[in-house]
Amino acid sequence: MTAPTPPAPPFRDPHLPFAKRVDDLMSRLTLDEKTAFLHQFAPAVERLGIAAFRTGQEALHGVAWMGPATVFPQAVGLGATWNDDLVRRVGEAVSKETRAMRARDDRVGLNVWAPTVNLLRHPLWGRGEEGYSEDPKLTSAIATAYTRGLRGEHPTYWRTAPVLKHWLAHNNETDRDTCSSSVRPRVLNEYDLRAFRETVEAGAVAGVMPAYNLVNGRPNHVSPYLESHLRAWTEDDLLVCSDAGAPSNLVDSEHYFDTHEEATAAALRAGVDSFTDHGTDSSKIVARVRGALDQGLLTEADVDAAVRRQLSVRFRLGEFDPEHDPHADSAAFDTPEHRALAREAAEQAVVLLKNDGVLPLADGTRVAVVGLLADECKLDWYSGTLIHRSTPLEGLYERFGAEHVSFAEGVDRVRLRTSAGTFLHVPPSDDSPDEARGAEGALDPALLAGRTDLPPLTTDADGTELALVDWGDGVLTLRAPDGRYLSVAEDGYLRASADQPGGWVVQETFRLEPHGDGHLLRHLGTGRHVQVAADGVKVAAADASSDASSGDSDASSGAGAPEVFELVVAERGEDAVTRAAAEADVVVVVAGNDPHINGRETEDRTTLRLPAHQERLLRAARAANPATVLALVSAYPYAVDAQALPAVLWTAHGGQSAGTALARVLAGDVSPAGRLPQTWYADDADLPDLLDYDVIGSRQTYLYFEGTPLFPFGHGLSYASFAYADLAARAGDGKVSVSFTVTNTGSVTADEVAQLYARAENPSVPRPRRELLAHRRVTLAPGATAEVSFEVPLSAFAFWDVAHDRWRLEPGPYALLVGASSEDVRLSAAVTLDGEPATPRPVRERGLEAAGFDEQGGTQIVDRTKAAGDAVTPVADRTGELLYRACDFGPGVTGVTVTVAGGEGTVEIALDGGPASAVLSLESPTSGPYDYTELDAPLTAEGVHDLRIRLRGSLRLAHVGFSG
31 MTAPTPPAPP
41 FRDPHLPFAK
51 RVDDLMSRLT
61 LDEKTAFLHQ
71 FAPAVERLGI
81 AAFRTGQEAL
91 HGVAWMGPAT
101 VFPQAVGLGA
111 TWNDDLVRRV
121 GEAVSKETRA
131 MRARDDRVGL
141 NVWAPTVNLL
151 RHPLWGRGEE
161 GYSEDPKLTS
171 AIATAYTRGL
181 RGEHPTYWRT
191 APVLKHWLAH
201 NNETDRDTCS
211 SSVRPRVLNE
221 YDLRAFRETV
231 EAGAVAGVMP
241 AYNLVNGRPN
251 HVSPYLESHL
261 RAWTEDDLLV
271 CSDAGAPSNL
281 VDSEHYFDTH
291 EEATAAALRA
301 GVDSFTDHGT
311 DSSKIVARVR
321 GALDQGLLTE
331 ADVDAAVRRQ
341 LSVRFRLGEF
351 DPEHDPHADS
361 AAFDTPEHRA
371 LAREAAEQAV
381 VLLKNDGVLP
391 LADGTRVAVV
401 GLLADECKLD
411 WYSGTLIHRS
421 TPLEGLYERF
431 GAEHVSFAEG
441 VDRVRLRTSA
451 GTFLHVPPSD
461 DSPDEARGAE
471 GALDPALLAG
481 RTDLPPLTTD
491 ADGTELALVD
501 WGDGVLTLRA
511 PDGRYLSVAE
521 DGYLRASADQ
531 PGGWVVQETF
541 RLEPHGDGHL
551 LRHLGTGRHV
561 QVAADGVKVA
571 AADASSDASS
581 GDSDASSGAG
591 APEVFELVVA
601 ERGEDAVTRA
611 AAEADVVVVV
621 AGNDPHINGR
631 ETEDRTTLRL
641 PAHQERLLRA
651 ARAANPATVL
661 ALVSAYPYAV
671 DAQALPAVLW
681 TAHGGQSAGT
691 ALARVLAGDV
701 SPAGRLPQTW
711 YADDADLPDL
721 LDYDVIGSRQ
731 TYLYFEGTPL
741 FPFGHGLSYA
751 SFAYADLAAR
761 AGDGKVSVSF
771 TVTNTGSVTA
781 DEVAQLYARA
791 ENPSVPRPRR
801 ELLAHRRVTL
811 APGATAEVSF
821 EVPLSAFAFW
831 DVAHDRWRLE
841 PGPYALLVGA
851 SSEDVRLSAA
861 VTLDGEPATP
871 RPVRERGLEA
881 AGFDEQGGTQ
891 IVDRTKAAGD
901 AVTPVADRTG
911 ELLYRACDFG
921 PGVTGVTVTV
931 AGGEGTVEIA
941 LDGGPASAVL
951 SLESPTSGPY
961 DYTELDAPLT
971 AEGVHDLRIR
981 LRGSLRLAHV
991 GFSG
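Residue numbers (the working numbering): 31 to 994.
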C-alpha cells in the first residue's frame, strides 16, 4: 500500500501571505542555519528543499561581470536623457536579460545591486560615471524609473530585486574606507537622504547597500539612519547588503571596534542583513556571528530580523513558487528590441553643448574623425561583455560612407631603445584572437588573471613600434601593432596580451620617469620598473625598483636592474591629426577618458582639464581646420575652451551603440536632446575641496553655485527651436499646479526637455538659487504644440528647520521658473504659499544640539556615541566657530552647561557678535572620546539673540544647555 504524500508545509503554500510563509519557514530553521544565511553566499538547506542564494548581481547599465549582455549607456548617460520612461524600459530589459542569463547560469543573481543614487556633488569624484545627477530630484526620478523596470509590473512577484547604492554621502574614493563625510542636518535631509527617500517611497526597491565611508564620524555600516530614516519610509521589508569587505573594515582599517565579533554585532543590530566579506567563504562571518552570540553581543532575535528580511526578498522573487512565477521562463536576451533600445538610449544621451551652425553635417561632407577615442567603444568596471560594438569611426563610416571619412587616432608612435642599443620587441604569436576580458563571466572579476600563454617581450635590433597614449598625469598605455596592450601578468613578464586596459588593478599602465639621459619605465600595477632579462622583459624586483627610484646609479647597471630607455619617436600624434584635418570639410575630434584610468572606483580625478596629449590633438585639428567639432565621450565633465570651437557635444560612454548614436546625431538623423545632469565648471578654481560635503556652506552644485559655469545644469541644445507660452500656476489642495505650452518652432522633429524650477523669494535661511521641481521630455513635430502640466506637492517647497529639527514650509512668495535649463528660463510666475512662520529656537527649554547650527567654520561633525547622535569638534589646528540664529532665552537664564568629551580645549560663548559671555575649559582629557562630562559657567541672557560658539583644542561638543 502506497503511503500518502505528506502535505506541503505552509511556507510552500502560494495562497498564504508572504509574511505567514516567512514565519513558518523561520520556525523550521535552526539557529546555525539562520546564521549561515547572513553571508552573501547563503548555503542550501537540503532537508527543507531550500536552494542556495546569493545577494548581489551588478546591473548598473546592463548585466555586468557574467559574460556577454546588452550594454546600455553608463548611468550618468542615462541621467543625461532626462527621460523617465526610457530609463524604465532600460531597467525592464536589464531585468529580463538577468532572468534569461540565470536560466543558463545559476551564478547570475536576481538580487541586483543597482542603481547608484549617490549624488554627483563633485565632478572630480572617481565614480561619477555610476550616478545620475547632482540634483536629488532628478536622481530620484531616474532611479525610480530604473528600479520600476528592474522590479517588473507584476503585483506579487518581482523580476529582480534592486538594491540602491551607496548609503550615504559618498562622493570620494580618496581614503574612502576611513574618511568621514561631515554632513550637517540640512544637507543630510535636503540633499543626501532625499534621493534615497523618494526612490524608496516609490515602492520598487528591495534594499540598500551602505557605503565604505563614515558619516559624521560613524561608519555607514553601523548607521542609525538605517532604522530611523530608511526603514521608516516604507512598510516593505528592506534588505541591507554590506559592501564588499566593509564588515572587516570596521576593525581592520577604520579601527572603530576592537573585535570582529563586536563589529559584526553592531552592524547586524544597526540593520545590515547580508554580509559581503571574504568572497565565497562564509566561514569567517559565520564564526563572528556565533562568537557575538556566545558573548551576549547578539540575540537570536537579532539574527531572525535579518534573516526574515532576506527571506522576504526571496519569496518576492518567486523562488518558492516556481510554478506561479510569471518571470520564470523569461528568455529575452540580446533581442532586436533590446538592441534598438540600446541605440535609442545612446542617442537620447547625447548633449549638444554648443553649435554655431556647423551641425548637423550635410550628406557628402568630407569628415576627418580624429582622437584617442575615435575608434574606441570603452567599457567601465560595471559593464557586461559586448556582443555588439560601435565606435564613432564605424558609425561615421556607416552613415557617410568610407570614401567620405578619414581617420587619425593621434597616438604617439614610438620605439623604446635599451642602454645596449636594442629595442623592445613584441614577438609574433600564432595565438587566436584573445577573448575579451571577462567574457566567461566571473563572480569577482577582480580575480581575473592576466594571460601567461603568450611569449614575453624581448629585444632586437629593430624593435616594435608601439602606440603610446598619455592619459594624463603621466599615465601611459603602450599598444602593439596587433591592437593588444602591453600588460603584466602574475609571473611579472611584459606581454602584448590585453584587448583593453582594465581590471581591479590595471596592469596596462606605465609611467616614464626621467633618469640620467633616459627614462625608467615604471609599471603602475605593480609599482615596479621594467628590466630586460635573458628570458624576456619583465618587472624588476621590488628592491631594485626602490634603489632606482632613489637615484642609485649602480642599481640601473647591474644584472636584474631596471632598464634605462631612450624614447625614440617615429611620429607625434598631432602630425597625423594635422594631415587628416587639412583635407576634410569638417573635423570631429573625439576626446575623453578611459573609464579604467585616472578616475574610477578607488581613484578620484585630479583636474577638470583634458589630458595634455588630447589638448595637443585638439589644438592641431583646430589650427589645420577651423571647422572642428569636439565630441567629448567621457564619464565626467571637462573644462574646455568652448569659445574657440564652432560645436561641442558630450556623451557618456554609450555602450554597444555609442558610435552609431553619435554619428546619427552628427548627421541630423536624430536631433540631440540630452541635458547635462550636473554643472560643468569652467575651472578647477571653481571647485570646493573634494571632501567638503557642505553643499550649502561652500555653495556647491547648481543649487548654490554663484559663479559662472562653463555649461549649466540642465543645459543642452537642439537642431530645432522651441517657444514656451501660457504659463499658469495655482496653489491649493496641498499642491501647486503648473501648466504651460511648448511649441516646436523649428523645421525638424525633435525632443525638448521642459524643466520647472522654484526659488524662495524671501527666505529666512540660505535656500537654493533655484531648485528642480519637475521635468518632462516631449517629442514635437515642426509646428506642433504640447501642453505640459505638473502637480507639485507643497512638501517640495519645504526645508529642514534646524531650529526645530523638522521640515517646515515657509510662508511667502515663491518664483516658478520654466525653461530649457537651470539658466535658460523662458517663463516665470509667482505663487504665495501659506506655511509656518519662523519661530525662535526654544533654547531655554531644549538647549542646543551642537550639530544643529545655522552656519559654521573650521569644524566637523563627529559621532556623539558609537550607536547614535552627533557632536562637533574643531578641524585640526583650527579654531571652530558655530552660529545659532534666533535663540529664545525667554524671561532669562543665568547659567550655561556644555556637554563635552575628548581632549583639552575651550568653549567660548558670545551673544550677537559681542565679546565672550562665558568661557568653559576642559583642562584635562576625558577617558575617551565618548566619555562626556558637563562644564558649567554663569551666563546671563534674556529674549532672542544670535549665539556664537568658538571651539578651540580637540574636545567634542555635544550639547549646550541653559538654566536659571
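Ideal Cβ placement from N, Cα and C applies to all residues, glycine included. Just so you know, these numbers come straight off a predicted model, no measurement behind them.
Annotation: the region 600-646 contains the following complete segments of the alpha helix (DSSP H) (minimum length 4 residues), in chain order: 603-612.
In the pairwise beta carbon analysis, the region 553-573 is classified as not touching the region 598-610: fewer than three pairs are separated by under 8 Å. When the alpha-carbon of E938 is set against those of D966, P921, P955 and Y962, the nearest one is in D966.
Look at Y515 here: in three-state DSSP terms it is strand. The beta carbons of A833 and A901 sit about 19 Å from each other, so the pair does not count as a contact at 8 Å. P145 carries a strand assignment under DSSP once its states are collapsed to helix, strand and coil. Comparing alpha carbon positions, the residue from V974, A317 and L757 closest to S769 is L757. Taking a contact as a CB-CB distance under 8 Å, the pair A144 and T415 does not count as one, their CB atoms being some 17 Å apart. Using a Cβ-Cβ distance cut-off of 8 Å, the region 617-631 and the region 498-516 are in contact, since at least three pairs of beta carbons, one from each stretch, lie closer than that value. Residue range V974 to S993 is occupied by the beta strand (DSSP E) that includes F992. Contact between F752 and N774 holds: their C-beta atoms lie close to 6 Å from each other, under 8 Å. Around D355, the same chain offers Y187 and G348 as residues with beta carbons nearer than 7 Å, after the five sequence neighbours per side are excluded.
Pairwise C-beta distances place the region 92-112 in contact with the region 679-686, as three or more of them are shorter than 8 Å. Our two residues, S984 and R789, have alpha carbons roughly 39 Å apart in a direct line. For H368, the enclosing alpha helix (DSSP H) covers residues P366 to Q378. For P870, the CB contacts under 8 Å within the same chain, skipping 5 residues up- and downstream, are A833, A916, C917, D918 and V974 in chain order. Sorting F67, D719 and L846 by C-alpha distance to the C-alpha of C271 places F67 at the top. Cβ atoms of E495 and P511 come within 8 Å of each other, at about 7 Å. Per DSSP, H805 is one residue of the beta strand (DSSP E) stretching across E801 to L810.
Burial of G97 is indicated by the presence of at least 16 other C-beta atoms within 10 angstroms of its C-beta. Looking at the DSSP output, R649 sits in no beta bridge, so it has no partner there. Every unbroken stretch of the beta strand (DSSP E) spanning 3 or more residues and falling wholly within the region 97-161 is given here in chain order: 142-146.
Restricted to the region 885-913, the beta strand (DSSP E) segments that are unbroken, complete and at least 3 residues in length are 885-887, 889-893 and 900-904, listed in chain order. Between V670 and V599, the alpha-carbon positions lie close to 28 Å from each other. In the three-state DSSP reduction, L280 falls in the helix class (H, G or I). Listed as beta-bridge partners of A38 by DSSP are no residues whatsoever. The beta carbons of T539 and T507 sit closer together than 8 Å.
K568: member of the beta strand (DSSP E) spanning G566 to V569, first to last residue. DSSP, read as helix, strand or coil, puts E821 in strand.
One thing to note: F829 has its Cβ within 8 Å of the Cβ of R838. About 15 Å separates the beta carbons of D54 and P36, which is beyond the 8 Å limit, so they are not a contact pair. Remark: C-beta atoms of Y666 and G704 do not approach each other more closely than 8 Å.
The residue among E736, V316 and G920 with its C-alpha nearest the C-alpha of E875 is G920. Bridge pairing for K384: V678 [DSSP]. Non-local C-beta neighbours of V607 in its own chain, meaning closer than 7 Å and more than five positions away in sequence, comprise V400, A438, G440, L647, A650 and A651, ordered along the chain. Using a Cβ-Cβ distance cut-off of 8 Å, the region 386-399 and the region 109-128 are not in contact, since fewer than three pairs of beta carbons, one from each stretch, lie closer than that value.
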